[in-house]
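Chains as they are written, first to last, in the numbering used here: chain P, 1 to 326; chain Y, 1 to 442.
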Amino acid sequence: MAFNAVKDKYRSKVGEVVLGATKEQGGTRDYTITIGGEAALPFLHFEGEIPNRPVVAMEIWDVAPTDWNDCFKPFYADVWNDPVAWAKKCVDEYGAELIVLHLKGADPDVKDATPEECAKVVKDVLAAVGCPLVVTGCGKPEKDNLVLPLVAEAAAGENLLLGVAEQENYKSLTAACMVHKHNIIAQSPIDINICKQLNILITEMNLPANRIVIDPTIAALGYGVEYGYSIMERARNGALQGDTMLGMPMIGNVGYEVWRTKEANASSDDFPGWGEQENRGILWEATTAMALLQAGMNVVVMRHPKASNLIKQNIEELMVKTSFDE
Amino acid sequence: MALTGLEIFKQLPKKNTGDCGFPTCLAFAMAVAAGKSSLDKCPHITEEAKETLGAAAAPPIKLVKVGAGNTEVELGDETELFRHDKRFFHPTAIAVLIKDTDDVAAKLENFKELEFDRVGLHYRTDMVALTNDSGDSSKFKAAAEAIVAGSKAALILISEDLAAMESAVAAVAGSKPLLYAAESHNYEAMTALAQKYQCPLAVKGEGLAELAELVEKITKLGQKDLVLDSGSRATSQVLADLTQIRRLAVKKRFRPFGYPTIAFTSKEDALEEVVQAGVYLSKYASIIVLKTDKKETLLPLESWRQNLFTDPQKPIQVESKAVAVGEVTPESPVYITTNFSLTYYIVEGEVESSKVPSYILPVNTDGTSVLTAWAAGKLAGESIAKALKENDMESKVNHKTLILPGYVAVLSGSTEEATGWNVKVGPREASGITKFAKENYA
Chain P
1 MAFNAVKDKY RSKVGEVVLG ATKEQGGTRD YTITIGGEAA LPFLHFEGEI PNRPVVAMEI
61 WDVAPTDWND CFKPFYADVW NDPVAWAKKC VDEYGAELIV LHLKGADPDV KDATPEECAK
121 VVKDVLAAVG CPLVVTGCGK PEKDNLVLPL VAEAAAGENL LLGVAEQENY KSLTAACMVH
181 KHNIIAQSPI DINICKQLNI LITEMNLPAN RIVIDPTIAA LGYGVEYGYS IMERARNGAL
241 QGDTMLGMPM IGNVGYEVWR TKEANASSDD FPGWGEQENR GILWEATTAM ALLQAGMNVV
301 VMRHPKASNL IKQNIEELMV KTSFDE
Chain Y
1 MALTGLEIFK QLPKKNTGDC GFPTCLAFAM AVAAGKSSLD KCPHITEEAK ETLGAAAAPP
61 IKLVKVGAGN TEVELGDETE LFRHDKRFFH PTAIAVLIKD TDDVAAKLEN FKELEFDRVG
121 LHYRTDMVAL TNDSGDSSKF KAAAEAIVAG SKAALILISE DLAAMESAVA AVAGSKPLLY
181 AAESHNYEAM TALAQKYQCP LAVKGEGLAE LAELVEKITK LGQKDLVLDS GSRATSQVLA
241 DLTQIRRLAV KKRFRPFGYP TIAFTSKEDA LEEVVQAGVY LSKYASIIVL KTDKKETLLP
301 LESWRQNLFT DPQKPIQVES KAVAVGEVTP ESPVYITTNF SLTYYIVEGE VESSKVPSYI
361 LPVNTDGTSV LTAWAAGKLA GESIAKALKE NDMESKVNHK TLILPGYVAV LSGSTEEATG
421 WNVKVGPREA SGITKFAKEN YA
């Protein structure tokens, strides 16, 4: 019996966002990265074009982390006191295509770095590596509203991805991205309505939709990853059906969420029933990223170099074209 | 898709006898369509109508059982493409590969360890897939018997050699192994074996078109319990095939694909295997066969399975019962949280790592998180008072101070009033518990 493949017809596709700017484009990056643009559900090449592969970004901080698991020491302990060296190592040794610089040190409870100090770190990292850059604030809105506009100004022309904007606090970052021509991360708390609403609010301030990346807020495997997974599947279906205010590419902080869990960190001695700790942690991170990629995530922000390699390889394999046409 | 009430109504006698318990045939038809009644409640329906409707009302994907008794695994009977549309019902079975040339006893000893406890749930690895690498039918048979006798796993028998297959199946037929696999060159003999021993049969095609043809031929021979393998092994193609099988079964009611599916990892590295298996688990595989049998590799995969197959409408809850973490004393602090399992277990993990023995009291908020429960009035002075009383906290500790989640500090006044206890406001996020406990109780 012959079968006819079911190809869902979509009215629209995911919007494209370009990260970074080369010399000709007014920046100093060696290359740019385009995310989004798919006209099909994740990796279903047989029903529509998937022009851009999802990207694995590596996370670095402007201060040395004090609470990261010991298994990170062999990879980062020699560089994590210096964001410039850290960024270089990620690019040169771990093959990072995209770096996420988290300005943790701006947090008044961490180092209370001044906006000027933060802007300098961003400039220094930009000078040291040629990849496009994502910069996120410390997460405290009062401080981030001082820091991020200055970062935006200092890096004008570089076409950064800056975050995060939230429903209660999006205006100053949106304005900074407008003036200095950067992209913005719009973060909503695992809620598709707020996600859409925030995108509307940001575009109403005249930042174009092709400069917005959605952070739907994700949780780690075992801690509610399925909530984000389903929100993302719904958003992606909505985008393909033509809802442009859900049609932006998506980013998620996989490494950050995973390495707070007990399962990633608990020692093999304390939990012999769970097996060896480091590989367990690596797979906790990779499995979380794998699942979110299946739901449509375009940028997974990762921490462990081995987990990041596993996912790069997985993406490579999933980008192999499939077709059911004779 | 399922039949509508009107389609069912057309096939009914339309005499409104009321013998089915419904006042009219139309009301009965609507109830059947909604799954609230069944056709056999109508004593007047013709056999012909029953057959027509029965075939159309059959689930889009057949429920197939492998194993027997406490090893039985239920596969298939899914109705959705996305879990948010309703839910997924039958969790993917995880099978570990054992070769009949392995030290089977040692492998089985290790297999027993592949059960996990986390966040109050128990995960188990369901199946063993046995291959006939030895080419020796007596070895294959002995290994099959050892697995059935020495584990709680349902069995998949993998052999191209019909004689080896028959000798193993004959020995363990009572435990209903899955026979792998009927292919174009041997399907008649494999089907005959499956029917003789009444076992489920895997069908392997070279691509979806051949698979559909093979299934048609095999069902014509009368074999009903099938498991499908498109034959692909490359990640992207397996994802495409599994998606097509599910879509055709659910959206088009394409009968040849209305069965559970099986997928095999192609990777040698254990970590790469798990990531590849994760893709197949996310997108519709009913069984996944892996080579890795290490705990740290199967725990993440089985955790993803647990997450994916939860009912999105029903948050998982813990019992509203006080839990003692560590060696508690009458001086131990009392943390209030909700009975939403994610909330509870995050709090429990943090309290545990604070190393300060404490009580955690999960208030019954119908499985909602702290802020949601507060907004709905489910976490309030009264519900906290009820939980304190039901758990007799006054006799468990010698103080009357409870710790309220920081996000609901606004409840302090009403809680003190309703409970007669003093309120200490804790951290907003569970991650602040260690610091809070050290500052206040160390």
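Just so it is clear, CB atoms sit at the ideal spot from N, CA and C, and this is done for glycine as well.
Going by beta-carbon coordinates alone, are residue i and residue j separated by less than 8 Å?
i, j, result
"A146(Y)", "V96(Y)", "no"
"E296(Y)", "R280(P)", "yes"
"V64(Y)", "D225(Y)", "yes"
"L248(Y)", "F3(P)", "yes"
"Q244(Y)", "F324(P)", "yes"
"S236(Y)", "L318(P)", "yes"
"V238(Y)", "M290(P)", "no"
"L178(Y)", "V347(Y)", "no"
"V164(P)", "V110(P)", "no"
"E401(Y)", "E350(Y)", "Per the sequence presented here, residue 401(Y) reads as Thr, with Glu not at that position. Result no, Cβ atoms of T401(Y) and E350(Y) do not sit closer than 8 Å."
"P60(Y)", "F309(Y)", "no"
"F195(P)", "I212(P)", "The residue asked about is misnamed: residue 195(P) is Cys in this sequence, not Phe. Going by C-beta atoms, C195(P) is not nearer than 8 Å to I212(P)."
"I94(Y)", "M127(Y)", "yes"
"A373(Y)", "L411(Y)", "no"
"I184(P)", "L201(P)", "no"
"C177(P)", "R29(P)", "no"
Between which residues of its own chain and residue i is the CB-CB distance below 6 Å, once the five residues before and five after are set aside?
i, result
"E49(P)", "A39"
"M1(Y)", "Confidence is the limiting factor: at M1(Y) the pLDDT is only 43, short of 50, which leaves the residue's position unreliable, though a coordinate-based value still follows. Excluding positions up to five away in sequence, the list is empty."
"W80(P)", "A64, W86"
"G137(P)", "L103, D144, V147, L148"
"T287(P)", "L221"
Measure the alpha-carbon distance for residue i versus residue j and round it to whole angstroms.
i, j, result
"G406(Y)", "G36(P)", "39 Å"
"Q195(Y)", "S175(Y)", "15 Å"
"V363(Y)", "L404(Y)", "11 Å"
"W86(P)", "L126(P)", "12 Å"
"K267(Y)", "L290(Y)", "9 Å"
"F340(Y)", "P357(Y)", "22 Å"
"L281(Y)", "T46(Y)", "42 Å"
"F46(P)", "D241(Y)", "10 Å"
"G275(P)", "I288(Y)", "21 Å"
"L301(Y)", "K140(P)", "35 Å"
"T151(P)", "P115(P)", "Before going further, note that residue 151(P) is Val rather than Thr in the sequence given. C-alpha separation (whole angstroms): 8 Å."
"R83(Y)", "G420(Y)", "45 Å"
"L283(P)", "K120(P)", "35 Å"
"S354(Y)", "K438(Y)", "7 Å"
"G231(Y)", "G377(Y)", "54 Å"
For residue i, which three-state DSSP category applies?
i, result
"M1(Y)", "Any reading at M1(Y) needs caution, since the residue's pLDDT is 43, under 50, leaving its predicted position unreliable; the model's value is listed next. It is coil, neither helix nor strand."
"H102(P)", "strand"
"P51(P)", "coil"
"R247(Y)", "helix"
"Y94(P)", "coil"
"Y180(Y)", "strand"
"F9(Y)", "helix"
"L118(Y)", "Leu is not the amino acid found at residue 118(Y); the sequence shown has Arg there. If DSSP states are grouped into helix, strand and coil, R118(Y) belongs with the strands."
"Q187(P)", "strand"
"D19(Y)", "coil"
"A31(Y)", "helix"
"I218(P)", "coil"
"T261(P)", "coil"
If you follow the alpha helix (DSSP H) that residue i is in, where does it begin and where does it stop?
i, result
"V287(P)", "Reading off the sequence, residue 287(P) comes out as Thr, not Val. 277-294 is the span of the alpha helix (DSSP H), which, as asked, contains T287(P)."
"T445(Y)", "Look at the range of chain Y in this structure, 1 to 442, and you will see that residue 445(Y) is not part of it."
"D126(Y)", "From DSSP, D126(Y) is part of no alpha helix (DSSP H); its letter is neither H nor E."
"L308(Y)", "295-308"
"T343(Y)", "341-354"
"A270(Y)", "270-282"
"D311(Y)", "No alpha helix (DSSP H) contains D311(Y), which DSSP labels as neither H nor E."
"L240(P)", "225-240"
If I follow the unbroken beta strand (DSSP E) through residue i, where does it start and stop?
i, result
"K65(Y)", "63-66"
"L201(P)", "Where L201(P) is concerned, there is no enclosing beta strand (DSSP E), although the alpha helix (DSSP H) it sits in stretches over 192-204."
Ordered along the chain, which non-local residues of its own chain (more than five positions away) have a Cβ less than 8 Å from that of residue i?
i, result
"A209(P)", "G15, N199, T203, T244, M245, G247, M248"
"N16(Y)", "P23, T24, C25"
Who are the near neighbours of residue i in its chain, counting only those whose CB is closer than 7 Å to its CB and skipping five residues on each side?
i, result
"T191(Y)", "A182, L201, I218, L221, Q223"
"Y10(P)", "A39, G48, L240, Q241"
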